[in-house]
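Going line by line, the protein sequences match chains L and P.
Quick note on full-length UniProt numbering: the first sequence kicks off at 1 and runs consecutively.
Quick note on full-length UniProt numbering: the second sequence kicks off at 1 and runs consecutively.
Below you'll find the structure, written out as structure tokens, and then a few comments.
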Amino acid sequence: MSSDADRTGKAGVIVAPDDASPIDKLAHSVLDDLLYNIVHDLLIKVHRDEKTARANTAAIKIEKMAAEASETSTPDSRPDVRIETDAAIYEDGKVLLKGNPLKTTKDILCPRCHLPRLLCPTDGKGAKKPDPGIIYCKKHPYIEKPGFDIYGQTWVAPGPGRGKKKKDMEKKLDPNDASSPAPGEGTAKDRPPNVLSFPSATCSKCKRCILVTRLNNHMGSCIGNSGRNASRAAAQKISNGGSNGGSQNNDNTPPGSQKGTPLPASRAASPRKRDGDEFDEDADESDPTNPKKKKLKPTTLTKKVILKTKGTPANKKDKVKGNSMLNVEQRADDDDSKDSTVQVAPKKSASKGGGPSPAKKLKLGPTKPQLPIPAPKKVNRDRDVESESSGTLSSPPQ
Amino acid sequence: MAARPGTPASPKNFKIQPPQPGQPLYGCEHVQRLFNQDQATTNTSIQHYKAILRNILDYSPINAQTAKAAEGPTITTSLTSTYLCLQCPSTLTEDDCVKHGNKKSHRFYVDSRSGALYCQMCDDIVWDPTFEDLRLTKIGTGSFTASRKRKQDDLLAVDPVKDNPQYISTNTTVASCKASGLRGIYNAGATCYQNVVLQSFLHNPVLRNFYLSDGHQSSNCEVPYCLSCAMDDMFQDFYAVENTNGYTAANILSGFWISEKKAFENLVTTKEQDAHEFFQFLAEELHERNGDGKKPETGSEHSCNCIIHQTFYGKLQSTTTCQHCAGVTNQVQSFLDLSLPLENLTQKKGKKSGNAKAPAMTLQECLDEEYIKSDKCEYRCHSCNSMQQARRQTAIKCLPNVLSIQLKRFEFKQGRNERAAKIETPVHFPLQLNMLPYTERARTGDTKENFELARSCTYDLLSVVVHVGEIDTGHYVSYCRVGDQWFAFNDHKVELASKSDVLGAKAYLLFYIVRSLA
Numbered sequence: 001m002s003s004d005a006d007r008t009g010k011a012g013v014i015v016a017p018d019d020a021s022p023i024d025k026l027a028h029s030v031l032d033d034l035l036y037n038i039v040h041d042l043l044i045k046v047h048r049d050e051k052t053a054r055a056n057t058a059a060i061k062i063e064k065m066a067a068e069a070s071e072t073s074t075p076d077s078r079p080d081v082r083i084e085t086d087a088a089i090y091e092d093g094k095v096l097l098k099g100n101p102l103k104t105t106k107d108i109l110c111p112r113c114h115l116p117r118l119l120c121p122t123d124g125k126g127a128k129k130p131d132p133g134i135i136y137c138k139k140h141p142y143i144e145k146p147g148f149d150i151y152g153q154t155w156v157a158p159g160p161g162r163g164k165k166k167k168d169m170e171k172k173l174d175p176n177d178a179s180s181p182a183p184g185e186g187t188a189k190d191r192p193p194n195v196l197s198f199p200s201a202t203c204s205k206c207k208r209c210i211l212v213t214r215l216n217n218h219m220g221s222c223i224g225n226s227g228r229n230a231s232r233a234a235a236q237k238i239s240n241g242g243s244n245g246g247s248q249n250n251d252n253t254p255p256g257s258q259k260g261t262p263l264p265a266s267r268a269a270s271p272r273k274r275d276g277d278e279f280d281e282d283a284d285e286s287d288p289t290n291p292k293k294k295k296l297k298p299t300t301l302t303k304k305v306i307l308k309t310k311g312t313p314a315n316k317k318d319k320v321k322g323n324s325m326l327n328v329e330q331r332a333d334d335d336d337s338k339d340s341t342v343q344v345a346p347k348k349s350a351s352k353g354g355g356p357s358p359a360k361k362l363k364l365g366p367t368k369p370q371l372p373i374p375a376p377k378k379v380n381r382d383r384d385v386e387s388e389s390s391g392t393l394s395s396p397p398q
Numbered sequence: 001m002a003a004r005p006g007t008p009a010s011p012k013n014f015k016i017q018p019p020q021p022g023q024p025l026y027g028c029e030h031v032q033r034l035f036n037q038d039q040a041t042t043n044t045s046i047q048h049y050k051a052i053l054r055n056i057l058d059y060s061p062i063n064a065q066t067a068k069a070a071e072g073p074t075i076t077t078s079l080t081s082t083y084l085c086l087q088c089p090s091t092l093t094e095d096d097c098v099k100h101g102n103k104k105s106h107r108f109y110v111d112s113r114s115g116a117l118y119c120q121m122c123d124d125i126v127w128d129p130t131f132e133d134l135r136l137t138k139i140g141t142g143s144f145t146a147s148r149k150r151k152q153d154d155l156l157a158v159d160p161v162k163d164n165p166q167y168i169s170t171n172t173t174v175a176s177c178k179a180s181g182l183r184g185i186y187n188a189g190a191t192c193y194q195n196v197v198l199q200s201f202l203h204n205p206v207l208r209n210f211y212l213s214d215g216h217q218s219s220n221c222e223v224p225y226c227l228s229c230a231m232d233d234m235f236q237d238f239y240a241v242e243n244t245n246g247y248t249a250a251n252i253l254s255g256f257w258i259s260e261k262k263a264f265e266n267l268v269t270t271k272e273q274d275a276h277e278f279f280q281f282l283a284e285e286l287h288e289r290n291g292d293g294k295k296p297e298t299g300s301e302h303s304c305n306c307i308i309h310q311t312f313y314g315k316l317q318s319t320t321t322c323q324h325c326a327g328v329t330n331q332v333q334s335f336l337d338l339s340l341p342l343e344n345l346t347q348k349k350g351k352k353s354g355n356a357k358a359p360a361m362t363l364q365e366c367l368d369e370e371y372i373k374s375d376k377c378e379y380r381c382h383s384c385n386s387m388q389q390a391r392r393q394t395a396i397k398c399l400p401n402v403l404s405i406q407l408k409r410f411e412f413k414q415g416r417n418e419r420a421a422k423i424e425t426p427v428h429f430p431l432q433l434n435m436l437p438y439t440e441r442a443r444t445g446d447t448k449e450n451f452e453l454a455r456s457c458t459y460d461l462l463s464v465v466v467h468v469g470e471i472d473t474g475h476y477v478s479y480c481r482v483g484d485q486w487f488a489f490n491d492h493k494v495e496l497a498s499k500s501d502v503l504g505a506k507a508y509l510l511f512y513i514v515r516s517l518a
């Protein structure tokens, strides 16, 4: 910086010549200072993130060593040992830095899982091959590559050729796979593993599985008033209103018979619509390998993350620590009669409609890995759920 | 230097931050030595640091940017950083630091533009947990004790028991490091107008903290098809599971279809809809599920403690001054968002430049038009007891934590075929927005020297909703910021975005978040 300081300013802007007007000189100088400040601010931000991460890494490493050295298994106790590394000293349960962590510490450990962070993306811009011998923290740098998303996933291009034929569906499309967690883990057989495909979801009213792209249309006709049902209802309203008012209407059907048309039946009575909406279901039922899979709600196993307890501000999300508690969700089943095909209703409607129901979400404390299970039938289902969506489980509780 | 107390008169003993696992106790060996001398040194160091931060943040930057040379009467005011000595009241230029350090053995200096601590022995900036906590609290809340006052009491209130790290760790579940909250949302058939609004809610830190701290537990809620429960589930699925594929917002969609809001009846169709209307719908619905249950009446001064009101609602005050008797009438009403018309300004600018194509304008120009300039109107004056000419001006009385701005790009043109048209004029919007000029306080009082107030009116861009295409058909995409990184959301596709992508977008909705809760 100092070598060029005569001809350029701090940020490298050329200093105005000596014979320039004072305003020129001032302008050059101000511009140089402002650019310098921008660089300074950026640098301070990056410096803070990097140095703090390295300092914390040094602390995590030495705490781990101290815990191993003292051989006490109780967590959070501060072992009474003295350990010294190149980067830090552990003494009286305190971590003291030695030297500048930017020089002494080269890698960065995740403050949460204590695994090394991957520092370059695995694909796209700035990509580097990760060391296959190292287990990295699951938080990876985001990928910047045209046609791929930040996780390196790609998607089915819109356009012709996307439509699926019924005979293809039987062997190809398994909607449960599509909604399963990681598309990268060997789901569909004839599709590249990282292609995002459209999953299915359960309509909360009729409990049918609908391909997500048709969900809005389906709900329009199932719940809302935009389907053909609606026009019938409207016609009925008009005709009822008309007859109440005593005016003549030229509809020959008596109001009673119009009213008698059951609402759900009218939906099934639309063959074309049904074909479209229930495509997946048909395909699935003809699939002998997994008759049940389809009926499960895509995200059956929900995990609760709670930053803090109720009522406290949660703006210190860095403090989130402790054991991961899984919430096993159980559903009240209101159509137990159809036991061959287990229909899992969306939890809200089922539990709220069905009177006293078993607790929907049970929190498993760290010390209680199992919980009392209300009915044997539900045990089975929960096991199913667990085994099938085991991919959604994150790293095991530490 | 008036703000710096000469002697540490306070008998209060300052403590350094207690040791935290996974974090060193001090920023460097030299800070460690400073804090381990004796209590008096610790007290003066912390007191001085606080005084310096006040000096930097609460007073004119000229104070901190002006350095006095080590020898002689030379006084330099510079645009770049100066260094404030932690151990004595000197302010020094970068070059004089070394001289001062050698002469007085003062080794710690505070950067005048950021408040960061520079250690001369390390020859580096050090991030000491004790000092850094003071700096962040001061910048974040305007004072050193986090819960002193303020409208955000509920957001900031700290329960000493519940703030204990031990308590937190035993009562929380840790999400996987992979769960980042970044997922797309599948388009369920012309629902991109919902997806963009949902994404902006998902990446709104205030709402995120509310839902992730069990603000509305879907397991305890008895309301059938509750949209707030659906939001709770969605936050869990974004921030707690490792899935990186798109999210199917089935519960939101069914809650939306089932909801019986008369005002939004025509929104509930399978056709393409307006994202702004959906935003209003979702805000009102969530307010009713979490708040006092009262309908938020437009035009009234409705206030409520629900999360939606704490996040989005501010207050506008319109002042009408009678031109005849100079009588003043004030009317206060709460607002969910600021709607800025573009049409008038576009025409005005178009005429000026004589160009057929309307030139670009800035967000600040639009805000000036609405909240600084006054307009003429007719009104019934009470004191004159007759219809009079009056001047009306609207200003913001109370700013929200998250400011949502709608740029009215869809304007209904009367006369010409009675058809709505889309205004494509680019509107430049900043990453950082100063709302102080549009507040009622700026109009009535002198706010030039109140830097804390200015900071509390500074907003950072949080998300941008963009409409691509024609008035009656098109597509919505959005940009959201997570930390310093921007992401582009296009239904289930999530990509990295650069700041220039974001700032170059033809925004329809803008969400700004307040920088400091002061």
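Here a beta-carbon is modelled for each residue, glycine too, at the ideal position from N, C-alpha and C.
{"Asked": "Residue-chain proximity (L/K106, chain P), Cβ-Cβ < 8 Å", "Found": "no"}
{"Asked": "DSSP state of P/G22 mapped onto helix, strand, coil", "Found": "coil"}
{"Asked": "8 Å Cβ cutoff, P/Y83 in contact with chain L", "Found": "no"}
{"Asked": "Proximity below 8 Å, CB of P/V126 to CB of P/V31", "Found": "yes"}
{"Asked": "Opening and closing residue of the beta strand (DSSP E) in which P/M387 lies", "Found": "386–398"}
{"Asked": "Chain-ordered residues of the segment 112–139 of chain L with a beta carbon less than 7 Å from chain P", "Found": "R112, C113, C137, K138, K139"}
{"Asked": "L/P111 burial status per 10 Å Cβ neighbour count (16 or more: buried)", "Found": "buried"}
{"Asked": "Same chain only: Cβ atoms within 7 Å of P/P426, ignoring 5 sequence neighbours per side", "Found": "A360, K506"}
{"Asked": "is_contact[P/R289, chain L] using C-beta, thresh 8 Å", "Found": "no"}
{"Asked": "Cβ pair count under 8 Å reaching 3, the segment 463–482 of chain P against the segment 83–90 of chain P", "Found": "no"}
{"Asked": "At least 3 beta-carbon pairs within less than 8 Å: the segment 96–107 of chain L vs the segment 45–62 of chain L", "Found": "yes"}
{"Asked": "Residue span of the alpha helix (DSSP H) that contains P/R441, given as start and end", "Found": "440–444"}
{"Asked": "Span of the alpha helix (DSSP H), counted from its first residue to its last, around P/W257", "Found": "250–258"}
{"Asked": "C-beta neighbour in chain P for L/S70, strict 8 Å", "Found": "no"}
{"Asked": "Inside the segment 312–348 of chain P only - beta strand (DSSP E) runs reaching at least 3 residues", "Found": "314–322, 328–335, 338–341"}
{"Asked": "Best match in P/N195, P/G246, P/K349, P/S254 for proximity to P/F279 [C-alpha to C-alpha]", "Found": "P/N195"}
{"Asked": "Cβ neighbours of P/R113 in the same chain (closer than 7 Å, five flanking residues each side left out)", "Found": "S81"}
{"Asked": "Beta-carbon proximity list for P/C384, same chain, < 6 Å, skipping 5 on both sides", "Found": "H324, C325"}
{"Asked": "Exposed unless 16 or more other CB atoms sit within 10 angstroms - verdict on L/K61", "Found": "buried"}
{"Asked": "Supposed contact pair L/I134 and L/P121 - C-beta distance, whole angstroms, cut 8 Å", "Found": "About 16 Å; that fails the 8 Å criterion."}
{"Asked": "Local Cβ density within 10 Å of P/F256, reported as buried at 16 or more and exposed below that", "Found": "buried"}
{"Asked": "Beta-carbon gap between L/T202 and P/A250 smaller than 8 Å", "Found": "yes"}
{"Asked": "Contact residues within the segment 196–211 of chain P, judged by C-beta distance below 7 Å to chain L", "Found": "N209"}
{"Asked": "Residue 523 of chain P (DSSP reduced to helix, strand or coil)", "Found": "Only positions 1 to 518 of chain P appear in the structure, and residue 523 of chain P is not among them; the question remains open."}
{"Asked": "Straight-line Cα distance separating P/F108 from P/P18", "Found": "22 Å"}
{"Asked": "Minimum C-alpha distance to P/P205 - residue among P/Q389, P/T311, P/I396", "Found": "P/T311"}
{"Asked": "Length of the line joining the Cα atoms of P/M231 and P/L316", "Found": "29 Å"}
{"Asked": "Where P/V124 meets chain L, residues with beta-carbon distance less than 9 Å", "Found": "The displayed chain sequence assigns Asp, not Val, to residue 124 of chain P. In chain order: H47, K51, N100, L102."}
{"Asked": "P/K499: contacting residues in chain L (beta-carbon distance under 7 Å)", "Found": "In chain order: nothing, as chain L lies at least about 12 Å away."}
{"Asked": "Buried/exposed call for P/S500, threshold 16 Cβ in 10 Å", "Found": "exposed"}
{"Asked": "C-beta neighbour in chain P for L/K205, strict 8 Å", "Found": "yes"}
{"Asked": "Buried or exposed (CB count within 10 angstroms, at least 16 for buried), P/H428", "Found": "exposed"}
{"Asked": "CB contact check: L/A59 to chain P, cutoff 8 Å", "Found": "yes"}
{"Asked": "Residues near P/A67 in its chain [Cβ-Cβ closer than 6 Å; skip 5 each side]", "Found": "T76, T82, T91, L92, T93"}
{"Asked": "Burial state of P/M387, where buried means 16 or more other Cβ atoms lie within 10 Å", "Found": "exposed"}
{"Asked": "Contacting positions in the segment 84–96 of chain L - beta carbon closer than 8 Å to chain P", "Found": "A88, G93, K94, V95, L96"}
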